[in-house]
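So the structure is just underneath, and the comments pick up after that.
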Amino acid sequence: MDTITKMVVINSQKVLPSDVVIKLYESNADVMIKETCFGIIVSGERSVVEQLLGSIRKMDPYGIFIKERGLAPGEPYRCRATRRVGARPGFHTLETEDKILPYIASALKALDKGEVPEQKQKKKKLDIEKLKQIINEAEESQ
Amino acid sequence: MKIFIYPTNSLILSDLVERFGHEPLAIMSEIGKRVRSQGLDSPPLNITPEEPKLGLKYAAVEVPSGVRGRMALFDPLISKADAAIIVRDPVTSFGCMGCARTNELVNFLIRSKKIPLLELEYPSSEEDAKEFVFKISEFLKSLKKEEEK
């Protein structure tokens, strides 16, 4: 059996992790579910998990983000409950990206509306002659 | 198409690649294989003395075994990659992602592989995020067109 664990990060104004968990229990699928502070972790057979999470994403396409996770929920080698030290590896990346998720959600909405973002003008680097001029002016003014 | 992502454990990149109909090549799948395989030798990642040997493909024997061990994890991802999305200078280059030399080597190998490559920076505002998502969607759409040809 090809087992897979997926992490569902919820950054939504209308869906809570508990709503998703209830929906998953309703499906009666043979998967292991863990509700966490950031969302949920689902572990089970690849085809079952992918099909389930496909339907979960539809609950809020702009507020639900999914990625694979190497370790299953509650894995004793990595779980903080048994190791009792610091954040588990990968937490800091998740924490950093979680802050950007609202921006990504609004960007996805804009993309679906067909908005084309304006290309930002790149800042030009300071010309060497201009730098020399600034240095000379500063020296003269002293 | 199989898209290599960097940072290799990025939630945003992994999700966007999957959303736009491609397969993300992320480190989590490699770690998963080593965790789920039968008869773990050295938990939690099941990195055995064989792994640094595999890393010799990329780095010399005097290079720290950590680099070679990590390269053994990255090897299947780099060799399978049809295209890549790289975020420049991610702030979270520590922890499992934290080996600066491995990160440099991975970036170098991806660039020298001459596959379609998109380089970006993490967005820090809504406007930046719109450009970030737009560029990724256009890049992935262009790959799809190439695949259909």
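Just so you know, the protein sequences line up as chains A and B, in that order. Going by this note's numbering, the first sequence opens with residue 1018, and the numbers climb by one from there. Going by this note's numbering, the second sequence opens with residue 3, and the numbers climb by one from there. From the three backbone atoms N, C-alpha and C, an ideal C-beta is built for every residue, glycine too.
Discussion item. Check whether chain B comes within 8 Å of residue 1057/A, counting only Cβ atoms and requiring the distance to be less than that.
Written reply: Taking Cβ atoms only, chain B never reaches closer than 8 Å to residue 1057/A, which makes this a no.
Item to complete: Out of 55/B, 9/B, 106/B, state which residue places its alpha-carbon closest to the alpha-carbon of residue 28/B.
Response: When each option's Cα is compared against that of residue 28/B, the closest is 9/B.
Worksheet entry | Reference residue 93/B; option with closest CA among 1116/A, 1103/A, 1136/A, 1105/A | The closest CA to that of residue 93/B, considering only 1116/A, 1103/A, 1136/A, 1105/A, is found on 1116/A.
Item to complete: Give me the Cα-Cα distance between residue 1062/A and residue 1023/A, rounded to the nearest whole angstrom.
Response: Distance between the alpha carbons of residue 1062/A and residue 1023/A is about 11 Å.
Discussion item. Below 8 Å on C-beta distance, what does residue 1134/A contact in chain B?
Written reply: At a C-beta separation below 8 Å, residue 1134/A has these neighbours in chain B: 129, 132, 133, 136.
Worksheet entry | Distance between residue 1093/A and residue 37/B (C-alpha atoms, nearest Å) | Cα to Cα, the separation comes out at about 11 Å.
Discussion item. Any beta carbon of chain B sitting closer than 8 Å to that of residue 1026/A?
Written reply: It does; some Cβ of chain B falls within 8 Å.
Worksheet item: Whose CA, out of 129/B, 106/B, 119/B, 137/B, lies closest to the CA of residue 1120/A?
Response: Comparing Cα positions, the closest option is 129/B.
Worksheet item: Taking the DSSP output, what are the residues bridged to residue 1020/A?
Response: In the DSSP assignment, the residues bridged to residue 1020/A are 1062/A.
Worksheet item: Does the distance from the CB of residue 136/B to the CB of residue 1134/A come in under 8 Å?
Response: Taking a C-beta distance under 8 Å as the contact criterion, residue 136/B and residue 1134/A qualify as a contact pair.
Practice prompt. Give the DSSP-derived three-state secondary structure of residue 1025/A in the structure shown.
Written response: Correct three-state label for residue 1025/A: strand.
Fill in: Where residue 1081/A falls, given that 16 or more other Cβ within 10 Å makes a residue buried
With 16 or more other Cβ atoms within 10 Å, it is buried.
Discussion item. Measuring straight from C-alpha to C-alpha, what distance separates residue 1035/A and residue 118/B?
Written reply: When rounded, the distance between both Cα atoms is 41 Å.
Discussion item. I want to verify the contact list: residues of chain A whose CB lies under 8 Å from the CB of residue 104/B, in sequence order.
Written reply: None at all; the shortest Cβ gap to chain A is about 15 Å.
Worksheet item: Can you tell which of 52/B, 11/B, 22/B has the C-alpha that lies nearest to the C-alpha of residue 1128/A?
Response: For residue 1128/A, the nearest C-alpha among the options comes from 22/B.
Fill in: Integer Cβ distance of residue 58/B from residue 70/B, believed to fall under 8 Å
Cβ atoms of residue 58/B and residue 70/B come within 8 Å of each other, at about 6 Å.
Discussion item. Closer than 8 Å is the cut-off here; do at least three beta carbon pairs connect the stretch 1035 to 1044 of chain A with the stretch 1064 to 1084 of chain A?
Written reply: Contact between the stretch 1035 to 1044 of chain A and the stretch 1064 to 1084 of chain A is present: three or more C-beta pairs spanning the two stretches fall below 8 Å.
Worksheet item: Is residue 79/B helix, strand or coil by DSSP?
Response: Note: residue 79/B maps to helix in three-state DSSP.
Discussion item. Taking 8 Å as the threshold (C-beta atoms), are residue 1046/A and residue 1025/A in contact?
Written reply: Taking the C-beta atoms as reference points, residue 1046/A is found no nearer than 8 Å to residue 1025/A.
Practice prompt. Mind checking the stretch 1107 to 1131 of chain A against chain B and listing, in chain order, the residues whose C-beta falls within less than 7 Å of any C-beta there?
Written response: Listed in sequence order: 1107, 1109, 1110, 1111, 1113, 1114, 1117, 1120, 1121, 1123, 1124, 1125, 1127, 1128.
Worksheet item: How long is the line joining the alpha carbons of residue 154/B and residue 3/B, rounded to whole angstroms?
Response: Because chain B here runs from 3 to 151, residue 154/B falls outside it and cannot be looked at.
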